[in-house]
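Chains as they are written, first to last, in this note's numbering: chain P, 75 to 454; chain L, 75 to 454.
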């Protein structure tokens with residue numbers, strides 16, 4: 075393993091131990107203050123080493139995954155209370171069953187009566203009782219059933235009448251919070267996420283349908299909600315690394331971002347004010363999440379090899395394996411002293427989930443030193 | 075291995091054998107007609123199985139790679155004439171050397187005198203002669219030295235004077251061709267790519283500096299250039315799969331696209347005219363390459379499970395593991411009969427390189443049947 079940051083291959087994914095730890099601590103303190111419990115989403119990091127740090131941080135009652143591959147990986151490594159938080163499809167039920175039979179307390183989600191019927195029937199046929207949460211739509215963001223709809227009750231009744239599935243709760247994700255840019259907007263969306271979830275649970279309970287869990291969350295709403303009355307757990311993921319989109323939302327500072335892409339300077343186009351790196355969109359991802367925010371960082375904010383500021387630089391363009399570094403301020407000339415041919419820079423990501431998804435491992439670093447390589451699990 | 079397309083897990087990457095073969099045949103015929111030779115870029119597919127089909131198609135004199143990991147993978151599998159077509163960095167020279175010592179005829183590229191000095195010095199120190207191509211900028215797209223500049227001669231002289239590096243040619247990639255939308259614009263950029271490359275080679279030769287290779291290409295220019303006088307080889311990659319961006323450029327039809335993402339329908343938002351799938355941006359990539367084209371397909375064009383048309387549908391929005399399928403024509407209601415809960419769709423990619431980069435394998439299919447799984451090599 076390389077000993078120093080300057081020995082690392084490029085492009086590679088670097089994880090700052092101290093920033094990771096302080097981000098984890100911040101969320102744990104927040105959840106403790108609210109008197110809640112955390113079910114951290116592992117889709118950002120997909121690493122047992124990061125998950126173990128989050129669990130050690132406290133207030134964790136299980137994890138959330140975005141793929142069955144993650145569920146299998148984390149269960150094999152000792153974590154058994156898992157919510158698979160993407161609406162299930164029929165072709166995944168066999169793998170879900172296999173995990174349950176092996177002892178995994180796996181919970182699945184769905185948002186419509188037809189899928190509830192499919193799951194219930196499959197459970198009956200295989201004498202398994204699937205643990206189901208109903209996904210709620212509390213912000214019009216993507217999937218989920220309206221918490222005030224008849225369909226919610228239809229789904230609950232379908233599950234309650236079957237021996238093949240068991241309703242264990244309701245869950246939602248206020249993804250629209252990623253579009254907020256003021257504390258007031260964040261507070262409002264977090265309150266709506268909470269209130270509509272509690273309402274849905276109470277509507278089901280009012281009809282005699284058990285609904286134990288009320289699971290809400292996203293990094294912005296978890297850091298904004300004023301109380302967790304009626305909520306049993308909070309899901310959040312990207313806060314462990316943070317990223318430029320979260321900085322734009324206002325819940326962190328670019329300096330809190332724990333993960334970055336180390337790249338080499340391979341050339342210049344001096345007349346254009348460009349330095350060219352070996353970190354293109356394959357290394358950074360195609361995510362342009364800051365493009366609609368007040369601060370647009372192109373494909374990422376460029377800092378020095380050890381995280382130090384070297385001017386207001388960004389990756390202003392990217393091809394598959396080429397990054398174009400330029401000034402964010404018009405066409406100001408680059409200070410090429412900070413960008414020597416063959417030298418190194420780090421790029422802070424727009425969206426940590428997307429950028430980390432391009433790699434199979436992290437290099438954990440502390441200052442100049444490389445401490446460890448931590449593998450990731452990708453795919454489905 | 076699953077026997078039928080309908081048995082495949084979702085999301086997954088599906089490769090249509092018949093389309094792959096006809097795309098390969100089309101380019102081989104084109105190169106034969108022009109009397110040229112092909113150095114196909116493997117960065118799109120990163121698969122030895124696809125590479126072997128391309129080689130079997132004929133007129134191939136070596137391959138082009140975008141990472142040293144690709145170089146290692148393909149060399150281990152019997153391909154030894156390899157151009158690493160991204161400007162090299164000092165921290166990669168050891169791996170380049172190891173490949174050369176093992177018998178790989180590996181060529182590297184650079185575009186500035188400083189990097190030429192670094193490479194020459196490293197070669198001298200290790201008694202290795204690196205094979206170097208000078209990268210030319212023929213369209214202002216990203217990297218490369220101006221073919222008419224003094225710097226070109228400075229680089230050539232630096233290399234010619236060293237025993238640690240050998241100039242083997244010039245190369246360029248007219249990436250701006252991806253922005254063309256008419257045959258006239260494509261012809262013009264392809265002629266400039268050719269003419270300026272030949273000019274650079276002749277300037278070097280005129281000074282007594284040997285310059286054997288003149289390597290040009292991209293899928294659009296390879297399919298547009300009118301002759302290859304003075305050119306020794308053509309590089310192109312994405313044509314093996316094609317994609318919606320190439321359809322927008324006008325060099326293929328969406329029906330030629332050989333690769334697609336199979337996804338399951340997990341829910342509806344009927345009032346919005348949305349169907350929700352398990353194919354989000356992790357499955358499709360964040361590439362929005364058609365956003366500036368005449369036909370904007372969102373995150374991809376949606377067709378039936380066997381490639382059949384089911385209306386003018388696209389993935390109009392995407393989260394990490396959720397795709398939002400909607401009509402491309404305003405807010406027209408979806409025909410949900412074509413999109414049953416739990417049913418399958420295929421999504422044709424905007425950019426095949428980016429989408430395929432999200433997977434570790436292809437499922438090769440022929441109609442309903444799954445023929446094979448073909449692994450990919452990712453990372454650096």
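Glycine included, every Cβ here is placed at the ideal spot set by N, Cα and C.
Judged by DSSP in its simplified three-state form, residue 355 of chain L adopts helix. The alpha helix (DSSP H) runs lying completely inside the stretch 371 to 432 of chain L and spanning 4 residues or more are 426 to 430, given in chain order. With a contact defined as Cβ atoms closer than 8 Å, residue 438 of chain P and residue 91 of chain P qualify at about 6 Å. Residue contact check for residue 427 of chain L against chain P: a CB pair falls below 7 Å. Under the 8 Å Cβ criterion, the stretch 294 to 304 of chain P does not count as touching the stretch 337 to 346 of chain P, having fewer than three qualifying pairs.
Spanning the alpha carbons of residue 369 of chain L and residue 363 of chain L requires a straight line of approximately 10 Å. Following the DSSP letters along the chain, one finds residue 443 of chain P in no alpha helix (DSSP H) but inside the beta strand (DSSP E) bounded by residues 443 to 449. Chain-order list of chain P residues neighbouring residue 342 of chain L: 186, by C-beta distance under 8 Å. By the rule that beta-carbons nearer than 7 Å mark a contact, residue 393 of chain L touches chain P. DSSP places residue 293 of chain P in the uninterrupted alpha helix (DSSP H) bounded by 293 to 296. Judged by their CB atoms, residue 184 of chain P and residue 152 of chain P are not nearer to each other than the 7 Å cut-off.
Residue 136 of chain P and residue 240 of chain P have their C-alpha atoms spaced approximately 19 Å apart.
The C-beta separation of residue 78 of chain P from residue 443 of chain P comes to about 6 Å, placing the pair in contact by the 8 Å criterion.
Using a Cβ-Cβ distance cut-off of 8 Å, the stretch 98 to 113 of chain L and the stretch 372 to 379 of chain L are not in contact, since fewer than three pairs of beta carbons, one from each stretch, lie closer than that value. Legend: CB atoms of the stretch 142 to 164 of chain P lying less than 9 Å from CB atoms of chain L belong to residues 142, 159, 160, 161, 162, 163 and 164. Any Cβ of chain L closer than 7 Å to the Cβ of residue 140 of chain P would place that residue at the interface, and such an atom is present.
Residues of the stretch 187 to 198 of chain L with a Cβ closer than 8 Å to any Cβ of chain P, in chain order: 188, 189 and 192. Separation of the CB atoms of residue 384 of chain P and residue 424 of chain P is rounded to 19 Å, and the pair is thereby denied contact status at 8 Å. Within the same chain, and ignoring the five residues on either side of residue 206 of chain L in sequence, the residues whose Cβ sits closer than 8 Å to its Cβ are 181, 182, 183, 184, 190, 193, 233, 239, 240, 241 and 242.
Neighbours of residue 396 of chain L in chain P, taken as residues at a C-beta separation under 7 Å, are given in chain order as 160, 216 and 217. At a cut-off of 7 Å between beta carbons, residue 361 of chain L contacts chain P.
Interface residue (Cβ-Cβ distance to chain L less than 7 Å): residue 320 of chain P is not classified as such. The beta carbon of residue 313 of chain P is closer than 6 Å to those of 97, 101 and 293 in its chain, skipping five residues each way along the sequence. Pairing residue 422 of chain L with residue 318 of chain L gives a Cβ-Cβ distance under 7 Å. Interface flag for residue 416 of chain P against chain L is set, since a Cβ pair is found closer than 7 Å. With respect to the 7 Å criterion, residue 217 of chain L and residue 209 of chain L are classified as neighbours on the basis of their beta carbons. DSSP places residue 92 of chain P inside the alpha helix (DSSP H), whose first and last residues are 91 to 108.
Of the candidates P:118, P:256 and P:395, the residue whose Cα lies closest to the Cα of residue 324 of chain P is P:256. Distance between residue 284 of chain L and residue 272 of chain L, taken at the CA atoms: about 13 Å. Inter-residue distance for residue 275 of chain P and residue 435 of chain L is about 42 Å (C-alpha atoms, whole angstroms). Around residue 265 of chain L, the same chain offers 299 and 300 as residues with beta carbons nearer than 8 Å, after the five sequence neighbours per side are excluded.
Under the three-state reduction of DSSP, residue 117 of chain L is assigned to coil, being neither helix nor strand. The criterion of a C-beta distance shorter than 7 Å is not satisfied by residue 94 of chain P and residue 336 of chain P. The C-alpha of residue 171 of chain L is placed about 37 Å away from the C-alpha of residue 334 of chain L. Interface flag for residue 356 of chain P against chain L is set, since a Cβ pair is found closer than 7 Å. Beta-bridge pairing by DSSP links residue 205 of chain P to P:181 and P:240.
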